[in-house]
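**Q** Here it is: the structure, laid out below.
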Ligand code: 6PG
């Protein structure tokens, strides 16, 4: 197992720890004269992190060297309250520290198959390639109560091993179409950070961290087979069963 668990009092403290990782990495890249390629998740948990980055890291992070991508997107327009880009815009991007040309959103309003192709090609063009897959510097992941991560759900585990870097998925309950990075793209990242908060995550997280026998049914558990440390930044509630 390659998990490292960092437990904090609450979402704010866990988010601060993740913000510090992004800060450190961005300074290193900036000193090397390189860009930092980051893929963000959506959902409710990272909202705190994005607000914190906007409020407290404006003058600390060298924003101009950051290229932003998304781990997944719901197939809705960017103005829809479900949009991951929309949420990130409202909490962070509207402060406009990051140059607009460095922001590579997944277009949830476009025909999903076409957008999968476009995003896949964009990643090929923009990012370094290793093991036949694009390489992000940092991938920020969340985890759903059902153990899904990105938009890889327990009923589409095959996306973990897809030969493509980007794929279409469907939310198993709402039927909402999604576009997601696949497992091998995620595992290819230099650094993989999970930010997981709240009591509703505790039961699944315990099974994953303890490597319990049937935990591989959870997509998030399979990211742990990556040949690198996968860091879990969690709050006390998510970690309450550990
Ligand atoms: C999404 C995601 C998804 C998310 C988890 C956790 O678009 O929904 O990127 O993988 O990280 O569902 O979401 P919450 O933070 O809302 O629990």
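Numbering (the numbering used here), first residue to last: 9 to 250. Cβ coordinates follow ideal geometry from the N, Cα and C atoms, glycine included.
1) Which ranges does the beta strand (DSSP E) cover as unbroken runs of at least 3 residues, wholly within the stretch 11-38, from first to last along the chain?
2) Just checking, does the stretch 180-193 make contact with the stretch 157-171 on the three C-beta pairs under 8 Å criterion?
3) Measuring from the CB of residue 2, is there a heavy atom of the ligand 6PG at a distance below 6 Å?
4) In the DSSP output, which residue or residues are listed as bridge partners for residue 199?
5) Taking C-beta to C-beta, are residue 150 and residue 49 nearer than 7 Å?
6) Taking DSSP's pairing of strands, which residues face residue 239 in a bridge?
7) Rounded to a whole number of angstroms, what is the C-alpha to C-alpha distance between residue 153 and residue 91?
8) Who are the Cβ neighbours of residue 187 in its own chain at under 8 Å, not counting the five residues just before and after it?
9) How many angstroms separate the CA atom of residue 111 from the CA atom of residue 183?
10) Give me the Cβ distance between residue 244 and residue 17, rounded to the nearest whole Å; I'm assuming they're in contact under 8 Å.
**A** Looking at the atomic coordinates:
1) 11-16
2) yes
3) One cannot answer for residue 2 here, as it falls past the ends of the chain, which runs 9 to 250.
4) 146
5) yes
6) 12 and 201
7) 19 Å
8) 80, 81, 83, 114, 116, 120, 123, 124, 127, 159, 174, 175, 176 and 177
9) 28 Å
10) 6 Å
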